[in-house]
Amino acid sequence: MSRPTVSEFAKTTLLLPLRLFFAEQLVFLISIMGATVISIPYLFTEALTVVYHDSDHLTTQQTSLVFLALAAGLIPTLLTRLWDQHLATSRHRAHRPLQPEDKLTDFLLAAPFLATGLWWFGATVPPLMHISPWISIASLLLVGFASLEFDYVLSGYLADVYGSHAASANAAMCFLRAVVGGVYPLIGRQLFTTWLGANNATFVLAGVATGYCGVAIWFRVGGVRIRKASKFAKEMVEKERASL
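Here it is in structure tokens:
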């Protein structure tokens, strides 16, 4: 197998991901959603310290344990993976192909969970509310669950839609996630203190997450139409069928 030339390498690793990001509606929206949501735990490395150590006056050790609530939210994702396996098995037995949009059922579940978790968190932390910290800590279960589901479902959907060019389709989301995940901790403390405050900062995130609920419904209902309208995705399917 011959080694790729410099121009071929640049076209595949740089130009193709850029082309997909700016020309493909699916790649653009999914990259933005994935990067902003998957990076929320990075933002919370600073935000939870502000909320629970500075405002609720928990000790440093107690505040660090709050992050376990985000981790605990990952456990229920085992149920959605079992559902995916069940769906794939049932489709195989019925001799029906599994469509990329079938994976979006989990996205349709994760989006409202994320919005609910963020609204809940923002409404139950100081300075707006001075109540038991356990009330707001419980909301982090939903945020942890949704963060992982966004990552798994959206990257998997791009892989199914763009086939052999899945890496290029996911490259934009991976790049943006790295950037946002690096920036969030740098601005987290200022965002949750002097810039907006803990409540308003979380409400902004919750508002964005609520908008993602609409995108989830749009993708689930009109995903096939959107995918078929994509010239690039259609070309990929035709090429892969021709190679069989």
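Going by full-length UniProt numbering, 29 is the number at position 29 of the sequence shown; the sequence numbering is gapless. From the three backbone atoms N, C-alpha and C, an ideal C-beta is built for every residue, glycine too. These numbers were taken from a predicted model, which means no experiment stands behind them.
Pro17 is the residue among Thr5, Pro17, Arg3 whose C-alpha sits nearest the C-alpha of His165. Below 8 Å, too few C-beta pairs join the stretch 104–118 and the stretch 175–189 to call them touching: fewer than three. In terms of Cβ geometry, Ala169 and Leu186 do not form a close pair [threshold 7 Å].
The DSSP-derived three-state label of Ala94 is coil. A distance of 7 Å or more separates the beta carbons of Thr202 and Val50. Secondary structure of Met129 (DSSP, three-state): coil. For Thr59 and Tyr52, the gap between their C-alpha atoms comes out near 8 Å.
By alpha-carbon distance to Cys174, the top candidate from Met33, Val161, Val6, Arg3 is Met33. Taking the Cα positions, Ala10 is about 43 Å away from Ala69. If the five residues before and after Phe22 are omitted, its C-beta is found closer than 6 Å to no C-beta atom of its own chain. Ranking Asn200, Phe28, Arg220, Pro4 by CA distance to the CA of Pro126 puts Asn200 first. Secondary structure note for Pro185: its alpha helix (DSSP H) is the uninterrupted segment 166–190.
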